[in-house]
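**Student:**
In this note's numbering, the protein residues as written are 2 to 366.
#1: Using C-beta distances below 6 Å, list every residue in its chain close to residue 61, excluding the 5 sequence neighbours before and after it, in chain order.
#2: Does DSSP put residue 70 in a helix, in a strand, or in coil?
#3: Residue 120 lies in the alpha helix (DSSP H); which residues open and close that run?
#4: What is the rounded straight-line gap between the Cα of residue 148 and the Cα of residue 173?
#5: Spatial neighbours of residue 83 within its chain, please: C-beta separation below 7 Å, excluding the five flanking residues on both sides.
#6: If we count the other Cβ atoms within 10 Å of its Cβ and call it buried at 16 or more, is residue 6 buried or exposed?
#7: Unbroken alpha helix (DSSP H) runs of length 4 or more, entirely within the region 195 to 235: which are they?
#8: Helix, strand or coil for residue 334 per DSSP?
#9: Residues in the same chain with beta-carbon distance under 6 Å from residue 238, minus the five sequence neighbours each way, listed in chain order, please.
#10: In its own chain, which residues sit with a C-beta less than 6 Å from the C-beta of residue 190, not counting the 5 before and 5 after it?
#11: Thinking C-alpha only, which one of 347, 301, 354 is nearest residue 389?
#12: Please report the distance separating the alpha-carbon of residue 206 from that of residue 355.
#13: Tell me whether residue 281 is buried or exposed, calling it buried when 16 or more other Cβ atoms sit within 10 Å of its Cβ.
#14: By DSSP, does residue 190 sit in helix, in strand, or in coil?
#15: Check the Cβ-Cβ distances between residue 113 and every residue of chain C, and say whether any is below 8 Å.
#16: Which residues in the same chain as residue 214 place their Cβ atom closer than 6 Å to its Cβ, once the five residues preceding and following it in sequence are excluded?
#17: Can you grab the Cα-Cα spacing for the pair residue 230 / residue 132, in whole Å?
#18: Name the one or two DSSP bridge partners that residue 171 has.
#19: Can you give the Cα-Cα distance for residue 119 and residue 289, rounded to whole angstroms?
#20: Give me the Cβ distance between residue 343 and residue 57, rounded to the nearest whole Å; I'm assuming they're in contact under 8 Å.
#21: Quick check: residue 125 and residue 142, are their CB atoms within less than 8 Å of each other?
#22: What are the residues that DSSP puts in a beta bridge with residue 152?
#23: Measure the alpha-carbon distance for residue 109 versus residue 91 and round it to whole angstroms.
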């Protein structure tokens with residue numbers, strides 16, 4: 002679902018940024034609640050988790066691959082605006098450092114995976130969960146359904162963005178300038194992968210995390226569920242009887258470490274994701290083309306400064322080692338970026354607060 006550069010026209014990419022930039026601006030303002038409540042480490046860990054799960058490529062029956070996003074679980078735990086920030090940061094460094102997704106297409110990649118996915122997923126979660134208690138099984142089911150809905154909404158949006166390109170942007174002979182796929186090709190390809198495989202992976206991830214926290218650490222669930230009671234009518238800040246409270250950050254860091262070591266499993270999946278072929282790998286005959294679309298060829302290499310292109314840390318290292326090192330480097334950078342952004346938000350809020358303080362002498366006048 003990481004759209005590379007060249008598959009969308011520059012005009013389409015501009016629309017993507019027109020959607021994403023206001024969302025980022027609002028997200029930065031809304032993340033003040035996370036900063037104020039000292040949940041920045043949790044946000045950093047969740048951003049790292051999103052980065053990692055997108056490295057796990059899952060084989061699809063048609064020979065392509067797909068992956069989960071982790072957007073809905075961030076929205077459930079810290080709110081959808083926090084998810085916008087976390088997933089956008091993960092996607093940004095995937096594009097800049099690892100060449101996974103385009104820089105021109107970054108706006109729409111974020112609009113799909115960092116905006117649409119968490120908001121749809123969170124909305125469905127709230128709808129299905131209803132007024133159920135925080136520790137009720139219905140909550141975990143709602144999280145799974147929300148995760149499934151969110152990733153499929155993002156996949157459908159990407160399918161539309163791909164599929165309208167040949168009709169909107171073509172040369173005088175009718176040949177496509179950018180993505181050569183039509184809607185009758187993009188929608189089945191994207192939805193098959195996500196309705197059957199990637200969506201289930203997202204559902205298991207989202208529902209599984211909520212189910213675990215219901216047993217191990219209800220206070221973390223409480224962050225974005227003020228006023229929702231736990232079992233037995235207890236405050237959602239209490240851990241249910243018979244369960245053991247654990248430090249969520251310690252567990253999360255352990256999970257991230259395990260995921261980083263296991264990321265090379267993503268290398269076992271043959272083929273690549275639909276719509277992410279390099280121009281030279283495009284099956285021209287399959288799409289009735291005599292040559293690679295000129296716009297695709299021109300813009301595909303727009304960003305050629307990725308330090309670890311394809312998650313290959315060094316050309317001499319074994320692919321498994323390179324993938325693990327890339328994962329470690331990626332989560333470190335993503336986590337650091339979250340801390341820097343939230344520190345800037347905290348500093349800006351402090352400056353605004355200082356500027357609004359009343360001077361004592363003026364107060365008496």
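For every residue, glycine included, the Cβ atom is placed at its ideal position computed from N, Cα and C. None of the values given here were measured: they were computed from a predicted structure.
**Tutor:** In brief:
#1: By one-based count along the chain shown, residue 61 stands at place 60. 67, 194, 198, listed in sequence order.
#2: Reading the chain shown from its first residue, position 69 is the one you call residue 70. Coil.
#3: By one-based count along the chain shown, residue 120 stands at place 119. First-last of the alpha helix (DSSP H) with residue 120: 118 to 130.
#4: For this step, residue 148 is matched to residue 147 along the chain shown. For this step, residue 173 is matched to residue 172 along the chain shown. Rounded to the nearest angstrom, the two C-alpha atoms are 43 Å apart.
#5: In the chain shown, the residue the question calls residue 83 occupies position 82. These residues qualify, in order along the chain: 32, 35, 44, 75.
#6: Taking the chain shown and counting its residues from 1, one reaches residue 6 at position 5. Buried is the call here.
#7: 200 to 217, 219 to 223
#8: If you number the chain shown from 1, residue 334 lands on position 333. Correct three-state label for residue 334: helix.
#9: Sequence index remark: in the chain shown, residue 238 carries index 237 (1-based). With a pLDDT of only 47 at residue 238, under the threshold of 50, the placement of this residue in the model should not be trusted, and no figure is reported.
#10: Translated into the one-based positions of the chain shown, residue 190 becomes position 189. Closer than 6 Å at the Cβ level, and outside the excluded window around residue 190, lie 275.
#11: Past the edges of the chain, shown from 2 to 366, lies residue 389, and the structure says nothing about it.
#12: Locating residue 206 in the chain shown gives position 205, where the first residue counts as 1. Locating residue 355 in the chain shown gives position 354, where the first residue counts as 1. Roughly 43 Å separates the two Cα atoms.
#13: The residue you call residue 281 lines up with position 280 of the chain shown. Exposed, because fewer than 16 other Cβ atoms sit within 10 Å of the Cβ of residue 281.
#14: To locate residue 190, count along the chain shown from 1; it is residue 189. In the three-state reduction of the DSSP assignment, residue 190 falls in the helix class, which pools H, G and I.
#15: Absent from the structure: chain C. Only one protein chain is present.
#16: For the purposes of this step, residue 214 is identified with residue 213 of the chain shown, where counting begins at 1. 221, 222.
#17: Residue numbering aside, residue 230 sits at position 229 when the chain shown is read from its first letter. Residue numbering aside, residue 132 sits at position 131 when the chain shown is read from its first letter. So the alpha carbons of these two residues sit roughly 9 Å apart.
#18: Numbered from 1 along the chain shown, position 170 holds the residue referred to as residue 171. Looking at the DSSP assignment, residue 171 forms a beta bridge with 177.
#19: Indexing the chain shown from 1 puts residue 119 at position 118. Indexing the chain shown from 1 puts residue 289 at position 288. In a straight line, the C-alpha of residue 119 is about 37 Å away from that of residue 289.
#20: For the purposes of this step, residue 343 is taken as the residue at position 342 of the chain shown. For the purposes of this step, residue 57 is taken as the residue at position 56 of the chain shown. Not quite, the Cβ-Cβ distance comes to about 27 Å (not below 8 Å), so this is no contact.
#21: Position 124 of the chain shown, counted from the first residue, corresponds to residue 125. Position 141 of the chain shown, counted from the first residue, corresponds to residue 142. No, Cβ-Cβ distance for residue 125 and residue 142 is not below 8 Å.
#22: Counting from 1 along the chain shown, the entry for residue 152 is found at position 151. In the DSSP output, where bridge partners are listed per residue, residue 152 has none listed.
#23: To locate residue 109, count along the chain shown from 1; it is residue 108. To locate residue 91, count along the chain shown from 1; it is residue 90. Taking the Cα positions, residue 109 is about 14 Å away from residue 91.
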